[in-house]
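Just below is one structure, and these are the notes that go with it.
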Amino acid sequence: MRMPSDSEMTFLFDGDGRQLQQFIEKHHEKLKRYQLMDDETELADELAIKEQIPIVFAFVYSVTVDWGEDDEEIVRLFGKRLPDETVEVMSTDKGLDITYNGQLHSIALTFTGNDRYITIRGFQELIRDKYEIRLFEASYLSDTHDFLVLPKRQWEELDARYPVRNREIFRVIDDELDFP
């Protein structure tokens, strides 16, 4: 799966109604699958558009994790978003064994509902030199969380260019983050 282009990231932070329509047209097939938009969609005022853009963007580029998702599947989903990286995962009696670019890593699990974020934080730790995972803030109070994986360099540029808007749209994965 491909990552968003630089122009699509600019759209996410600075987009307007016209650009939202173009994005919807470009990704119509994927969005149609989610029944997110229909051909009669009318866009509201600029404030509503600013709120809609991250939601529509997430349907195209996010990794979606349900609170009950299998931990192996979480790793596979994130691994698919990493171009030029190899990720393999296997469950063990202690948790997960993840082979990332040929190197074996283990993530100990508790075999409770807390494991979703233990897995996500553990995988983030494996990829942290090159990539970072962030949560779409709009999905936080749901039982299904949406994440965006980008190269670390790109997150740093976005943090510098859009410090306030970036914090409005995304939440950094930390030790406190979990399903509500």
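Using my numbering, the letters of the sequence shown map in sequence onto residues 1204 to 1383.
Idealized CB from N, CA, C, for every residue including glycine.
Residue i vs residue j beta-carbon contact at 7 Å
i: Ile1372; j: Glu1328; result: no
i: Leu1223; j: Ile1258; result: no
i: Leu1299; j: Asp1332; result: no
i: Tyr1365; j: Phe1216; result: yes
i: Leu1361; j: His1348; result: no
i: Asn1384; j: Glu1291; result: What is shown of the chain runs 1204 to 1383, which leaves residue 1384 out entirely.
Collapsed DSSP secondary structure at residue i in the structure displayed
i: Asn1369; result: helix
i: His1348; result: strand
i: Asp1241; result: Unreliable placement is indicated for Asp1241, whose pLDDT of 49 sits below 50; the coordinate value is still reported in the next sentence. If DSSP states are grouped into helix, strand and coil, Asp1241 belongs with coil.
i: Met1206; result: coil
i: Arg1374; result: strand
i: Pro1354; result: strand
i: Leu1246; result: Summary for Leu1246: the model assigns pLDDT 49, below 50, so the residue's position carries little reliability, and this model does not support an answer.
i: Gly1218; result: coil
i: Thr1315; result: coil
i: His1230; result: coil
Integer-rounded CB distance, given that residue j should sit under 8 Å from residue i
i: Ile1321; j: Phe1281; result: Rounded, the Cβ-Cβ distance is 14 Å, inconsistent with contact.
i: Trp1270; j: Arg1324; result: Their Cβ separation, rounded to whole angstroms, is 15 Å, which puts Trp1270 and Arg1324 out of contact at 8 Å.
i: Ser1342; j: Ala1251; result: Not really, about 18 Å apart at Cβ, beyond 8 Å.
i: Leu1285; j: Ile1330; result: 7 Å
Residue span of the beta strand (DSSP E) that contains residue i, given as start and end
i: Ile1336; result: Tyr1334 to Phe1339
i: Tyr1303; result: Gly1298 to Tyr1303
i: Glu1291; result: Val1290 to Ser1294
i: Asp1269; result: Val1266 to Asp1269
N- and C-terminal bounds of the alpha helix (DSSP H) containing residue i
i: Glu1275; result: Asp1274 to Lys1283
i: Leu1380; result: Neither: Leu1380 is in no alpha helix (DSSP H) and is coded neither H nor E.
- Determine contact between the segment 1260–1271 and the segment 1351–1359, defined as no fewer than three beta-carbon pairs at a distance below 8 Å. yes
- Task: Could you tell me whether the segment 1307–1321 touches the segment 1272–1286, using the rule of 3 or more Cβ pairs below 8 Å?
- Result: yes
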